[in-house]
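In the working numbering, the protein residues as written are -2 to 260. Built from N, CA and C at the ideal position, the CB exists for glycine as well. Each remark here refers to the structure printed beneath this line.
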């Protein structure tokens, strides 16, 4: 290979080309800049330190550790991986103002879910009330959380984001991951006994359904559609059993019991 075609060959002035050993980011990996770069750098260090501390010094209860592990991985994943690679085209190519209604609806839904969660924690730790009123984790909480997540996932597909910063929809997805984690930790003592049973609460189903959607979307971004399709087939099988022929038939599962149990 001649010097004209080899970027690492010495030039006439004796200098070696710079940057030829740099490893470009793969696929849809973001190259965050400024405060976002350092924020998630610190988050990644703390996340790794949490694992080292928990696994070697002060072990956590198994379910608590898993819930925190999944939430942290989801938050890092949505920060570092965009919904599309730079070479791919998004579903829509609309101007920024068109995104405002989507962002407003998603942020409003997430905000209500966050308010309910903070109020429940305040009642428990400040007001001494172990269980919040029924409206706190009622249908409004579940619909708001799952709806905001669905809007953010679809917006990530529809609107292409920049490579050097986290898109608003991914901030919503990170917030949803944190709320799912905080909710499950709030109800973990009851959840251990009721998951997969008729005593599971509707909010349990909404939170774990949201968590499942988040995992599937991050799996799509990180590994492509193959694993998502395989997981989707098996999840569908849980509900389609009564309609299948022969040895594939089974009694089926209820949504309110399936997702709290499998998550």
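Contact under 9 Å by Cβ, residue i with residue j
i, j, result
"residue 264", "residue 234", "Coverage of the chain is limited to positions -2 through 260, which leaves residue 264 absent and any answer about it impossible."
"residue 81", "residue 143", "no"
"residue 215", "residue 71", "yes"
"residue 258", "residue 197", "yes"
"residue 100", "residue 152", "yes"
"residue 95", "residue 117", "no"
Simplified DSSP state of residue i, which is helix, strand or coil
i, result
"residue 33", "helix"
"residue 206", "helix"
"residue 111", "helix"
"residue 78", "strand"
Selection from the options that minimises the alpha carbon distance to residue i
i, options, result
"residue 199", "174, 131, 221, 163", "131"
"residue 136", "96, 119, 155, 201", "201"
"residue 106", "260, 207, 221, 67", "207"
"residue 187", "127, 52, 168", "127"
"residue 178", "205, 44, 109", "205"
"residue 141", "160, 159, 155, 172", "172"
Rounded straight-line distance, which links the Cα of residue j to that of residue i
i, j, result
"residue 269", "residue 76", "Nothing in the structure corresponds to residue 269, since the chain is present only between -2 and 260."
"residue 182", "residue 238", "32 Å"
"residue 231", "residue 243", "17 Å"
"residue 74", "residue 166", "13 Å"
"residue 113", "residue 31", "33 Å"
"residue 162", "residue 38", "13 Å"
"residue 195", "residue 255", "10 Å"
"residue 175", "residue 61", "13 Å"
"residue 102", "residue 110", "13 Å"
Closer than 8 Å: residue i CB and nearest the ligand SAH heavy atom
i, result
"residue 203", "In terms of ligand content, the structure shown is empty, and the ligand SAH therefore cannot be addressed."
Those residues which DSSP pairs with residue i across a bridge
i, result
"residue 211", "Answer by DSSP bridge pairing: none, since residue 211 is not bridged."
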